[in-house]
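**Q**
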Ligand code: PEP
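Numbering (the numbering used here), first residue to last: 21 to 286.
#1: So is the beta-carbon of residue 204 under 7 angstroms away from any non-hydrogen atom of the ligand PEP?
#2: Taking Cβ to Cβ, would you say residue 203 is nearer than 8 angstroms to residue 163?
#3: On the CB-based measure, 16 or more other CB atoms within 10 Å of its CB, does residue 150 come out buried or exposed?
#4: Count the other C-beta atoms from every protein chain shown that fall within 10 angstroms of the C-beta of residue 165, then say buried if there are 16 or more, exposed otherwise.
#5: Considering residue 233, what are the terminal residues of the alpha helix (DSSP H) in which it resides?
#6: Can you name the start and end residues of the alpha helix (DSSP H) that residue 120 belongs to?
#7: Write down the C-beta distance between residue 155 and residue 116 rounded to the nearest angstrom, noting that I regard them as a contact closer than 8 angstroms.
#8: In this structure, how does DSSP classify residue 71 when only helix, strand and coil are distinguished?
#9: Quick one: using the 10 Å Cβ neighbour count with 16 as the cut-off for buried, is residue 122 buried or exposed?
#10: Is residue 26 buried or exposed, if buried means 16 or more other CB atoms sit within 10 Å of its CB?
#11: Note down the Cα distance separating residue 21 from residue 207, rounded to an integer number of angstroms.
#12: Using 8 angstroms as the threshold, is the C-beta distance between residue 216 and residue 228 below it?
#13: In chain order, what residues of the same chain lie with their CB nearer than 7 angstroms to the CB of residue 142, ignoring the 5 residues before and after it?
#14: DSSP three-state label for residue 285, please.
#15: May I ask you to report which of helix, strand or coil DSSP gives residue 196?
#16: Quick check on the burial criterion: 16 or more other C-beta atoms within 10 angstroms. Buried or exposed for residue 221?
#17: If distances are taken between C-alpha atoms only, which option among 283, 277, 282 comes closest to residue 51?
Structure representation (structure tokens):
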């Protein structure tokens, strides 16, 4: 029996406009509602900041079970942090899921593990239990050079241990790990189901070492990297892969809905 409920996220990155964002959310919410998929799979949309409120309003109007997610945030509650967005503000907008450590934040913007750990701990703070807490999606993954140097597991382990430092076993129930090999993101290159599975097994081993086997077995690990409607089912049925974090294909409603459906248990 499957012990982990699959979860699929659509990371829209810096794409869409206001009308397009609402239209995309509406199509995805409507199609998933009619198929009943969200009774078996968690799914989240991560629009750009300016479109969170109109997308939240759309999901509310449709009474959708889709989670609203934010692509980034700052760990301080408020203050002189020009350009940053706090968790209080996001909670106020209806955000319930958060990305931390996406490879574009790590490698394009330059966010270090220490900062990412502060973000993880901020979004797992017990004060958020007033609405059931945020789902924190911590992304890890190796670059092509690291893979070619045989460092995949070591890189994942380092990013996991650093990202989850100071997190309690109870708090990990709010965490989803997204294994996203950097060389597969937005490139059209996908890890083979066997390679993805192997990385997930070794990530779960690290989780077991830090938090114990039971917690590790309950923690969901998504795969991300050029997942499409055409390869999703094969990846998700490889075992150990509890859904996906989807970039490009999440901008196409039919593709994204197909991927979410592919994550549903048979
Ligand atoms: C991502 O943005 O997390 C991602 C996996 O992108 P893509 O699906 O486009 O590779």
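Where is the CB? At the ideal position from N, CA and C, for every residue including glycine. Quick caveat: nothing in here was measured; it's all calculated off a predicted structure.
**A** Inspection of the coordinates gives the following:
#1: yes
#2: yes
#3: exposed
#4: exposed
#5: 233 to 238
#6: Segment 117 to 120 is the beta strand (DSSP E) holding residue 120; no alpha helix (DSSP H) there.
#7: 6 angstroms
#8: helix
#9: buried
#10: buried
#11: Interpretation of residue 21 is limited by its pLDDT of 47, a score under 50 that renders its predicted location unreliable; the figure taken from the coordinates is listed afterwards. Rounded to the nearest angstrom, the two C-alpha atoms are 34 angstroms apart.
#12: no
#13: 95, 107
#14: coil
#15: strand
#16: exposed
#17: 277
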